[in-house]
Amino acid sequence: MREELLSIIEKNSRIGLKDLSAMLGQKEIDVANEISALEKEGIICGYHTLINWEKTSLEKVNALIEVKVTPQRGQGFDKIAERLYNYPEVKSVYLISGGFDLLITLEEKSLKEISNFVSDKLSTLDRVLSTSTHFILKKYKDHGTIVNKGNEEEVREIITP
Amino acid sequence: MNYELSKTVENIKPSGIRKFFDIVSEMKDAISLGVGEPDFETPWHIREEGIYALEKGKTFYTSNAGLKSLREEISNYLKRTQNISYNPMKEILVTVGGSEAIDIGLRAIINQGDEVIIPQPSYVSYEPCAVLAGAKPVIINLKAENDFRLTVQELENAITDKTKVLILPYPNNPTGAIMGKKDLEEIANVIKKHNILVMSDEIYGELTYNGNHVSIASLDGMQERTILINGFSKAYAMTGWRLGYVCAPEPIIKQMTKIHQFAIMCAPTTSQYAAIEALKNGYEDIDMMRKSYNQRRRFLLKRFEEMGLDCFEPNGAFYVFPCIKEFNLTSEEFALKFLEEERVAVVPGTAFGESGEGYLRISYAYSMDNLKMAINRLEHFISNLRKNK
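Order-wise, the sequence lines are chains A and B. Per the working numbering, the very first residue in the first sequence carries number 1; after that it's consecutive. Per the working numbering, the very first residue in the second sequence carries number 1; after that it's consecutive.
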């Protein structure tokens, strides 16, 4: 049941226990126990809401930053990654293959704040060799969801054999 | 003017679904549980192959039987899933949906007065196609107590010396019933004993929820007497592409191809290119859709149980077929009243044959939100009916 449960709540974390157990064909108590086990094991790491901030009046600027660093003896990239992910404005940090080492996403209120972060905090770190900042202009798809799709209308005939 | 149209055609009853459709389409605010097609869009990689085919200018007729590479993929697919070997050059024909295959399959084998055995409730086109082919339809009324499977006794009782073919519609629309390997073996023995053919409509073959579908053609000695019909509509959510296929012994395919070439020429070229991609790389899509249908199926059965609505457990297709006999209404009366009072469209079981009386076909090819809303209305509706009894 584990994988199927996860794939359902990955798409809809608000689904009620009753519906969830009916869809899985399991007892409610068993599903509830499985969910708390998944939380304890750190497989379920949190429950979030996907928000299209562009449609609100709040200003938010997002950037992807490629970072080249020198790994640390005995610690690899973990230490530098930790220094970066502890900033609350850093939304994600990935170690990646290819021409650079870390990819971080950053969310700020303005362009200026992003450039301040890069010039004051990021570039000044000892082990950071270079950075390359890409501003996000428009979000088309996020977490598997097409952002501006709107409500899908039924295009099928209402009754078919 | 008196047109003096074909008596055969004039005598065919219009589809019960059509009649209901006309009523429903007047109601703009109705929600529906009435469709017989997937709610998923065709997976994007399959659509993209269709688009590429158009961009590359592949806009011409294909050979009558269909693209060779598609027939090869169909052959591989049946080898892989059913361990049946079909020669792609001689024993496979690509058709305009499974529906065309039903029509031309019957026309290719029927002589005037032959009998076609049709178990019902089942898809709406078997009976009219048999009549148009000049056959006499012999109906078997399937029973809920057998989970709407065809039994040996029912089949034996229907067979006469005029019987030409049995139509075997499993996994079944509208009941959701399936026939397991053991059930099929028993039927196959009767078929062989009486030396008749089987037209096995396996369009829902990928949608089973309790073990994989078994084709009757895969059983000992049955390939030579089976016309196997399948297609892309249900498995890959490709209803609008109009693409199916039929596999049968060479002499039958030869005659079918004649009708196909004169009536149709060839199945749509764009769809054929898309279908190659579906067979090659669509396995995960089917798996995802099957899982999702299964979740909704379990949800509906659970809700029926809670509201005390009698329903056998369907293990195939995307329909449930609950029994409404306790309310003393005909299927049509129930469906109409439900539509008027709760604005939900379901299909009366009688649209699929008289033996559908007392049942409703409810499709779960809908989002969970839509299903939940509709089923809550059903619960409200039947609790009112029970109160007013």
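All residues carry an ideal CB built from backbone N, CA and C; glycine is no exception.
Limits of the alpha helix (DSSP H) - the one that residue i falls within
i       : result
L301(B) : 283-306
F338(B) : 331-342
E250(B) : 250-263
P400(B) : The structure shown does not extend to residue 400(B), since chain B spans only 1 to 389, so no value can be given for it.
V24(B)  : 16-24
K79(B)  : 68-82
P128(B) : 126-132
V190(B) : 181-194
G97(B)  : 97-109
Cβ-Cβ distance between residue i and residue j below 8 Å
i       : j       : result
E234(B) : L207(B) : Per the sequence presented here, residue 234(B) reads as Lys, with Glu not at that position. Contact: yes.
Y126(B) : I159(B) : no
S13(A)  : Y47(A)  : yes
E115(B) : A365(B) : no
S69(B)  : Y86(B)  : no
K162(B) : L197(B) : no
Y245(B) : G282(B) : no
V67(A)  : I114(A) : no
L155(B) : P121(B) : no
N172(B) : A317(B) : yes
A133(B) : L106(B) : yes
C266(B) : N64(B)  : yes
Y391(B) : D201(B) : In the structure as shown, chain B starts at 1 and stops at 389, and residue 391(B) therefore has no counterpart that could be examined.
V131(B) : I159(A) : no
M307(B) : I382(B) : yes
E250(B) : K79(B)  : no
L219(B) : M179(B) : no
Below-8 Å beta-carbon distance, residue i vs any chain A residue
i       : result
Q295(B) : yes
F334(B) : no
R298(B) : yes
K280(B) : no
K291(B) : yes
Terminal residues of the beta strand (DSSP E) in which residue i lies
i       : result
H380(B) : Counting along the chain, H380(B) falls outside any beta strand (DSSP E), though it belongs to the alpha helix (DSSP H) covering 368-387.
L64(A)  : 61-69
G176(B) : Segment: none, G176(B) is in no beta strand (DSSP E) and carries neither H nor E.
G243(B) : A small fix is needed here, since residue 243(B) is Leu in this sequence, not Gly. Neither: L243(B) is in no beta strand (DSSP E) and is coded neither H nor E.
K91(A)  : 90-95
K164(B) : 163-168
Pick from the options that is closest to residue i, judged by C-alpha positions
i       : options                            : result
E107(A) : L95(A), S115(A), V90(A)            : V90(A)
T42(B)  : E340(B), I84(B), L279(B), K387(B)  : L279(B)
Q261(B) : A101(B), E73(B), E10(B), M27(B)    : A101(B)
L385(B) : G349(B), A275(B), L329(B)          : L329(B)
G150(A) : N52(A), L5(A), Q72(A)              : N52(A)
L228(B) : E55(B), Y319(B), I104(B)           : I104(B)
I324(B) : N172(B), E333(B), G282(B), R303(B) : E333(B)
A263(B) : H213(B), T95(B), L243(B)           : T95(B)
L184(B) : M222(B), N157(B), I203(B), H194(B) : M222(B)
L339(B) : G231(B), E4(B), I31(B)             : I31(B)
R296(B) : D287(B), D369(B), G349(B)          : D369(B)
L360(B) : A144(B), R298(B), N230(B)          : A144(B)
S292(B) : D39(B), F20(B), R18(B), K7(B)      : D39(B)
G353(B) : T175(B), M179(B), M238(B), Q153(B) : T175(B)
N315(B) : T59(B), I140(B), I191(B), V214(B)  : V214(B)
M238(B) : T151(B), V190(B), Y170(B), R47(B)  : R47(B)
G97(B)  : V346(B), M288(B), Q272(B)          : Q272(B)
T270(B) : W241(B), M288(B), N294(B)          : W241(B)
N146(B) : I382(B), C129(B), A177(B)          : A177(B)
F21(B)  : I375(B), V344(B), K387(B), A374(B) : V344(B)
M23(A)  : E342(B), R303(B), F321(B)          : R303(B)
Chain B within 8 Å of residue i, Cβ atoms only
i       : result
M23(A)  : yes
P88(A)  : no
E4(A)   : yes
I29(A)  : no
I44(A)  : no
I158(A) : yes
D19(A)  : yes
I8(A)   : yes
Minimum Cβ-Cβ distance from residue i to chain C less than 8 Å
i      : result
T49(A) : Judged by its chain identifiers, the structure shown contains no chain C, and its protein chains are A and B.
Check distances from the C-beta atoms of the stretch 337-368 of chain B to those of chain A and list, in chain order, the residues that come in under 8 Å.
Interface annotation for the stretch 337-368 of chain B against chain A: A345, V347, A351, M368, criterion Cβ-Cβ distance under 8 Å.
Along the stretch 115-138 of chain B, what residues have a CB closer than 7 Å to any CB found in chain A?
Flagged, chain order: Y123, V124.
Short-range partners of chain A found in the stretch 183-203 of chain B, where Cβ spacing is below 8 Å:
Taking 8 Å as the upper bound on Cβ-Cβ separation, chain A lies near no residue of the stretch 183-203 of chain B.
Would you list, in chain order, the members of the stretch 10-36 of chain B that have their beta-carbon closer than 8 Å to a beta-carbon of chain A?
Shown in chain order are the members of the stretch 10-36 of chain B whose Cβ falls below 8 Å from a Cβ of chain A: S15, I17, F20, F21, V24, S25, A30, S32, G34, V35, G36.
With 7 Å as the limit, tell me which residues of the stretch 136-152 of chain A have their beta carbon closer than that to any beta carbon of chain B; keep them in chain order.
Those would be none; no residue qualifies.
Can you give me, in chain order, the residues of the stretch 301-320 of chain B that have a beta carbon less than 8 Å from any beta carbon in chain A?
Closer than 8 Å at the C-beta level to chain A, one finds these residues of the stretch 301-320 of chain B: K302, R303.
At a Cβ cut of 8 Å, what residues of the stretch 68-87 of chain A count as close to chain B, listed as they run along the chain?
Of all residues in the stretch 68-87 of chain A, none has a Cβ within less than 8 Å of some Cβ in chain B.
Between the stretch 93-111 of chain A and chain B, which residues of the former have a C-beta closer than 8 Å to a C-beta of the latter?
Here the close residues number zero.
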